[in-house]
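Structure, as structure tokens:
Residue numbers (my numbering): 11 to 473.
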């Protein structure tokens, strides 16, 4: 039975929903018995320019779009939403686009983490309160993916995520650059006087060359990969470069897919299972992913009523190796990963630790989804007998300064020193930093933080 209405539903012989079983039917109806509200809803839908035959008896799909002019990770999603709509129309659905909050890791201060739950609540309330049968969530910047999925999980409609996709690799002269990681590195070099303003301008031009989120295995790539292994994207979606034509095709396929999911009543709770979350933990650890994934996956699982703890990460980390040679812990970038086989290829080397008989939005089982996939570059996606690290990339610590636990990322690029041998940095209040020469043992190596940040109402200026 469908769980979206107040009355039990009657399935068609093939197990699919009947048109009158659609959640949106409660708003629109189709005859006099549906009452004044249905009549008024049909009037207002005509006001939008649509005839009844364009939407009555069809899955109504909400497209939640986090596009904005100030979010470089999502600035291309206005066009991608049109591709999603195209797919929905092709499959016989009725798409409606909803603008939702945009969380920009780059510009939002002091941190967009303050607004993750706000976006989750907005997502939940929009889906719950409007006449929609399924949802396509569009986003990918760090906090956006967990926020969208947290909100959608609380409503439990059929749902597909369209990841924003990584930006193109950065370039400066003959050097390939990784956003975020090289940005911090070269800013430190500038403050130390190791490079000048001309070099800094070159870096400004070369670090972020296209729309899309960071192309390293940072928080954004980690969480969209987690979403893919959870089963809420079409296969391979998490690594398609944002400006690649394949990204538009992926968006259209997501639109077609959501219509089928509505008819099958494959709600999010049937996909986001305890086994799916355990697979997400294993995948994040094997990718050498961001430590932030620990915070977000625990919150996401909580929205689905699934207990996930730091102990689960600790347990799984001891059973999976790091197989993705991706920055910041490795050498390559997300475009390399995509053409090496993407997440499907990567998961094909983890099948012994995955739960393969659970459903995804694309196939009846993950096993079926991974059938026949290949890895095309074993330098980027390593063999099991040649891991980047023998245990998962995040380690869980306990001690007197962190009695409830803490996490660190323990993998480093090949050949990188495990001791600090650069000039010391003295930071004041989290804002300024001054390079000071001195020996490793000297007082000049001391890092002296300023006072703790004042309450949110007295945020420091960002200039």
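For glycine and all other residues, C-beta sits at the position ideal for the given N, C-alpha and C. Note that the coordinates shown come from a computational prediction; the quantities given were computed from them, not determined experimentally.
Residue environment, residue i, which counts as buried when at least 16 other CB atoms sit within 10 Å
i: residue 6; result: This structure leaves residue 6 out entirely; the chain is present only between 11 and 473.
i: residue 292; result: buried
i: residue 361; result: exposed
i: residue 223; result: buried
i: residue 273; result: buried
i: residue 25; result: exposed
i: residue 120; result: exposed
i: residue 49; result: exposed
i: residue 138; result: exposed
i: residue 9; result: Since the first and last residues shown for the chain are 11 and 473, residue 9 lies out of range.
i: residue 1; result: Residue 1 falls outside the range modelled here, since the chain spans only 11 to 473, and no answer is possible.
i: residue 351; result: buried
i: residue 231; result: buried
i: residue 411; result: exposed
i: residue 314; result: buried
i: residue 325; result: exposed
Own chain partners of residue i with C-beta closer than 8 angstroms, once the 5 adjacent residues on each side are dropped
i: residue 131; result: 161
i: residue 349; result: 386 and 387
Sequence-distant residues of its chain with Cβ nearer than 6 angstroms to residue i (five each side left out)
i: residue 91; result: 73, 75 and 107
i: residue 402; result: 295, 327 and 330
i: residue 365; result: 285 and 289
i: residue 302; result: 229
CB contact below 9 angstroms: residue i versus chain D
i: residue 306; result: As a matter of chain content, chain D is missing from the structure shown, which is built from one protein chain.
Close-in-space but distant-in-sequence residues of the same chain around residue i (CB under 7 angstroms, 5 per side omitted)
i: residue 52; result: 38 and 62
i: residue 318; result: 287, 307, 308 and 311
i: residue 228; result: 190 and 300
i: residue 102; result: 68 and 269
i: residue 156; result: 126, 233, 306, 309 and 310
i: residue 370; result: 241, 281, 376 and 379
i: residue 30; result: none
i: residue 283; result: 368
i: residue 199; result: 205
i: residue 123; result: 153
Bridge-paired residues (DSSP) for residue i
i: residue 65; result: Beta-bridge pairing links residue 65 to no other residue.
i: residue 91; result: DSSP lists no partner for residue 91.
i: residue 393; result: Looking at the DSSP assignment, residue 393 forms no beta bridge with any residue, so it has no partner.
i: residue 75; result: 109 and 148
i: residue 409; result: 412
i: residue 418; result: 405
i: residue 223; result: 176
i: residue 235; result: Per DSSP, none; premise fails for residue 235.
i: residue 104; result: 70
i: residue 399; result: 332
Which residue spans inside the segment 246-309 form an unbroken alpha helix (DSSP H) run of at least 4? List check, alpha helix (DSSP H) in window: 255-274, 278-281 and 284-297.
Entirely within the segment 162-218 and at least 4 residues each: give me those alpha helix (DSSP H) ranges in chain order. DSSP runs (the alpha helix (DSSP H)) wholly in the segment 162-218: 191-201 and 207-216.
Can you list the beta strand (DSSP E) stretches of 3 or more residues lying completely in the segment 333-371, in chain order? Runs found: none.
Please confirm if the segment 166-186 is in contact with the segment 373-382, defined as three or more CB-CB distances below 8 angstroms between the two stretches. No, the segment 166-186 does not touch the segment 373-382.
Taking 8 angstroms as the cut-off, does the segment 353-360 touch the segment 387-396 (at least 3 CB pairs, one atom from each stretch)? Touching, yes.
Does the segment 242-254 come close enough to the segment 158-174 to have 3 or more Cβ pairs within less than 8 angstroms? Verdict: yes, contact present.
Would you check if the segment 346-357 and the segment 136-154 touch, i.e. whether three or more CB-CB distances between them fall below 8 angstroms? Cβ pair count under 8 angstroms is below three, so no.
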